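Here the structure is laid out as structure tokens; the discussion comes afterwards.
Number of protein chains: 2
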Amino acid sequence: MATVTDTPIRIGVMGCAVIARTVSRAIDLAPNATIAAVASRSLEKAKTFATANGYQQSVKIHGSYESILEDPDVDALYIPLPTSLHVEWAIRAAESGKHILVEKPVAMNVSEFDKIVAACEKNGVQIMDGTMWAHHPRTAKLKEFLFDSDRFGQLKNINSCFSLAVDEDFLKNNIRVKPNLDGLGALGDLGWYAIRAALFANNFELPKIVAASPGTVLNESGVILSCGASLSWEDGRTASIYCSFLANVGMEITAVGTNGTLCVQDFVIPFEETQATFTTCLKSGFNDPWVSRPTEHSVKTEIPQEACMVREFARLVGEIKNKGAKPDGFWPNISRKTQLVVDAIKESVDKNCQQISLSGR
Amino acid sequence: MATVTDTPIRIGVMGCAVIARTVSRAIDLAPNATIAAVASRSLEKAKTFATANGYQQSVKIHGSYESILEDPDVDALYIPLPTSLHVEWAIRAAESGKHILVEKPVAMNVSEFDKIVAACEKNGVQIMDGTMWAHHPRTAKLKEFLFDSDRFGQLKNINSCFSLAVDEDFLKNNIRVKPNLDGLGALGDLGWYAIRAALFANNFELPKIVAASPGTVLNESGVILSCGASLSWEDGRTASIYCSFLANVGMEITAVGTNGTLCVQDFVIPFEETQATFTTCLKSGFNDPWVSRPTEHSVKTEIPQEACMVREFARLVGEIKNKGAKPDGFWPNISRKTQLVVDAIKESVDKNCQQISLSGR
């Protein structure tokens, strides 16, 4: 957390996507960050966005992405552009010495991803993706339970899903269903979270095998609207994930270990902003007096999870800017693994659900 | 339900498995059924079981399965024998004119299943499998929600799992892990329920494609200890199932439709005997004020679900015995579909997760 004497990290918002509203508020709420600038492809759009989001007069308005890259009063950029544009603008941001908070999916594929990260490394800037739920204090509690060898034991299976019923207009016009914009569709946009959950529960070990499930739904351009996949690790650990633009909201994690069971009903975006819950069941076997009701746990958060994310990002940027620290490797590392699994599922979808081996990737 | 003047259906318990204790109590609690006899391979075992379960003096004790088949005071048999013995004893029961409540899995494969049902049809006896949860009044409420085109819309995906951590002794000695006894292992014993849930949510339409997920765990005899599978139907409906003897209790259903979401945390055996809950979320989209907390629904039951099952079985037997009705086709029909999916998953496991088509089966 920022100490009182640190200057807040000055973040520029690069693009006026819907999600940028949420993150703008998050930057406002994070104690160690401030909105310094906003850019769009036109000055008019940037102005409208600034006004609509109640930006202070001091926030600089840029009429082009190039312009915000050159702004000396911007430490870091939040990039909610369509995925296909990430590789260009994230690299240019890195080359301009800006730290990067980039929306997921980070890239169209891991090869693009690696180019972005190489640029960040070369220029000594921090990169983090916009997976908000990872920063909720509840997530730390989930981790505590999942890695408690007594209460949970060893993971055996995790099921995670994220679905969201979009409307007709979205299905026709949204960038998330356009092959040249967010060509990974529901897999990149929603599946990213479910995959991250599966990796999280496996201590970010990559699965050995990934296979898409039969029943993928594509739109007429071949973009994934709905799909599922199975993942498997050593020792019989398995995961199944599901994501869809065509089904009502589902944000479930169910994880079973040798000793315990974990359920989360709203892992992506908690039902309430100030607290989030999960349930656990401890060891019960065939001969016990069956199972007792799960225990509900509630975890409060002082600021919403997206503000926790901005706070963590700004903390890392602050370490670099104020203390000469090196960029942190944890977040890009788990981003890359998520991207690798996204790629593998996409490959399996394209190959009629063939098993894809991740060994050596 | 039995009318006051009907004599209770007289049920014989054929085999003294652990589950027979639960069902004995259920027969006791069902208003239209009574325990008439018990059989084991030795008179001693049958006597011990009768005493341990508080059977009344009037209950006849048989020292062989043949003997209970010939008992004229037995209308129906509850058969909790190892699966591999079902085909022999269920057919002999049918040929003796006894109605049959048989534990799941009904048979080792659908070919055996069909022989059993053919014998039942030939002899005009009722057959029903021991899937208790299907008879809980909660299940009727789940059905109401799942087939409500406003509140739930059309099903898109269902995830269902049943896991149960057994102990070392079970893994070595239990009939459920012996290829010559319950050779379908966790798939037949636990997966049966998860598959039934997937079929239930699809109005018992068979999936078109079934594929085992990578990561199946077999014991040294090749019996399944843990596995998952994906199922797909027309219109992009999908399901994933998971079953395991190696993970702590998990009994989850998560179903997402176009308009609604359903979660059940204890679909196989409710946490409480007298009531059971589930949660629903109604339509929420990308632009709504996100999602509201799920609504919890509670459904009371006067008698435990296994007694509801016996009551339904005895009702159908009563219709035949007292009113000359024909055996009911619903229960054997959904049993057969469950068995077909069990077979297909087993086949896919044996063929390294190859997709199995169920068209024409």
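For the protein sequence lines, the chains are A and B, in the order given. full-length UniProt numbering applies: residue 1 is where the first sequence begins, and numbers increase by one. full-length UniProt numbering applies: residue 1 is where the second sequence begins, and numbers increase by one. We put the beta carbon where it would ideally sit given N, CA and C, even for glycine. The structure displayed is predicted, hence computed values, not measured ones.
Could you tell me the distance, in whole angstroms, from the CA atom of residue i to the CA atom of residue j?
| i | j | result |
| --- | --- | --- |
| Lys-351 (chain B) | Gly-185 (chain B) | 17 Å |
| residue 370 (chain B) | Ser-84 (chain B) | Only positions 1 to 361 of chain B appear in this structure, which leaves residue 370 (chain B) out of reach. |
| Gln-265 (chain B) | Val-264 (chain A) | 11 Å |
| Glu-234 (chain A) | Ser-24 (chain B) | 42 Å |
| Gln-355 (chain B) | Cys-120 (chain A) | 43 Å |
| Asn-248 (chain A) | Lys-60 (chain B) | 55 Å |
| Ile-19 (chain B) | Ile-334 (chain B) | 22 Å |
| Leu-29 (chain A) | Val-341 (chain A) | 33 Å |
| Pro-289 (chain A) | Val-217 (chain B) | Low per-residue confidence applies at Pro-289 (chain A): pLDDT is 49, beneath 50, and the placement is therefore not dependable, though the value from the model is reported in the following sentence. So the two alpha carbons sit approximately 27 Å from each other. |
| Ile-35 (chain A) | Ile-11 (chain A) | 5 Å |
| Asp-328 (chain B) | His-136 (chain B) | 19 Å |
| Leu-199 (chain A) | Ala-140 (chain A) | 15 Å |
| Gly-236 (chain A) | Glu-70 (chain A) | 51 Å |
| Pro-72 (chain B) | Ala-37 (chain B) | 11 Å |
| Asp-75 (chain B) | Ala-134 (chain B) | 23 Å |
| Lys-323 (chain B) | Val-166 (chain B) | 45 Å |
Considering only the beta carbon of each residue, do residue i and residue j sit closer than 8 Å?
| i | j | result |
| --- | --- | --- |
| Ala-39 (chain B) | Tyr-55 (chain B) | no |
| Val-125 (chain B) | Gly-97 (chain B) | yes |
| Arg-138 (chain B) | Val-268 (chain B) | no |
| Pro-294 (chain A) | Thr-277 (chain A) | no |
| Ala-211 (chain A) | Ser-213 (chain B) | yes |
| Gln-339 (chain A) | Ala-107 (chain A) | yes |
| Asn-32 (chain A) | Arg-311 (chain A) | yes |
| Thr-258 (chain B) | Leu-262 (chain A) | no |
| Met-128 (chain B) | Trp-331 (chain B) | yes |
| Ser-230 (chain A) | Ser-232 (chain B) | no |
Which partner residues of residue i appear in the DSSP bridge assignment?
| i | result |
| --- | --- |
| Tyr-157 (chain B) | In the sequence on display, residue 157 (chain B) carries Asn and not Tyr. Answer is B:Thr-238 and B:Val-256. |
| Gln-275 (chain A) | A:Lys-300 |
| Leu-218 (chain A) | A:Ile-224 |
| Tyr-78 (chain B) | B:Val-13 and B:Leu-101 |
| Met-309 (chain B) | In DSSP, Met-309 (chain B) forms no bridge with anything. |
| Gly-250 (chain B) | B:Ser-163 |
| His-86 (chain B) | In DSSP, His-86 (chain B) forms no bridge with anything. |
| Asp-129 (chain A) | A:Val-102 |
| Cys-243 (chain A) | A:Phe-162 and A:Cys-227 |
| Lys-60 (chain A) | A:Ala-37 |
| Leu-262 (chain B) | B:Ala-255 and B:Thr-280 |
| Ala-198 (chain A) | DSSP, once it has assigned bridges, lists no residue as partnering Ala-198 (chain A). |
| Ile-209 (chain B) | B:Ser-232 and B:Ser-357 |
| Thr-22 (chain B) | Thr-22 (chain B) pairs with nothing; no bridge assigned. |
Is the shortest distance between the beta-carbon of residue i and the beta-carbons of chain A less than 8 Å?
| i | result |
| --- | --- |
| Leu-246 (chain B) | yes |
| Lys-351 (chain B) | no |
| Pro-289 (chain B) | With a pLDDT of only 49 at Pro-289 (chain B), under the threshold of 50, the placement of this residue in the model should not be trusted; the figure read from the coordinates follows. Chain A contact via Cβ: absent. |
| Val-177 (chain B) | no |
| Gly-15 (chain B) | no |
| Asn-159 (chain B) | yes |
| Pro-82 (chain B) | no |
| Thr-131 (chain B) | no |
| Ala-165 (chain B) | yes |
| Pro-214 (chain B) | yes |
| Cys-308 (chain B) | no |
| residue 379 (chain B) | Nothing about residue 379 (chain B) can be reported from this structure: the residues present for chain B run from 1 to 361 only. |
| Gln-355 (chain B) | yes |
| Ser-232 (chain B) | yes |
Are the C-beta of residue i and some C-beta of chain B separated by less than 8 Å?
| i | result |
| --- | --- |
| Ala-211 (chain A) | yes |
| Val-223 (chain A) | no |
| Phe-271 (chain A) | yes |
| Lys-323 (chain A) | no |
| Thr-22 (chain A) | no |
| Pro-294 (chain A) | yes |
| Ser-42 (chain A) | no |
| Asn-219 (chain A) | no |
| Met-1 (chain A) | Low local confidence applies: a pLDDT of 49 at Met-1 (chain A) is under 50, so the model's placement there is unreliable, with the coordinate-based value given in what follows. Not closer than 8 Å to any Cβ of chain B, the Cβ of Met-1 (chain A) fails to qualify, so no. |
| Gly-257 (chain A) | yes |
| Gly-250 (chain A) | yes |
| Tyr-242 (chain A) | yes |
With three or more C-beta pairs closer than 8 Å as the rule, is the stretch 183-200 of chain A touching the stretch 158-171 of chain A? yes
Contact between the stretch 202-209 of chain A and the stretch 245-258 of chain A: three or more CB pairs below 8 Å? no
Would you check if the stretch 143-151 of chain B and the stretch 235-245 of chain A touch, i.e. whether three or more CB-CB distances between them fall below 8 Å? no
Across the stretch 75-94 of chain B and the stretch 113-125 of chain B, are there enough close Cβ pairs to call them in contact, namely three or more that are closer than 8 Å? yes
Indicate whether the contact test is met: 3 or more Cβ pairs, each with one atom in the stretch 309-316 of chain A and one in the stretch 310-320 of chain B, closer than 8 Å. no
Taking contact to mean 3 or more Cβ pairs, one atom from each stretch, closer than 8 Å, check whether the stretch 7-22 of chain A and the stretch 71-82 of chain A are in contact. yes
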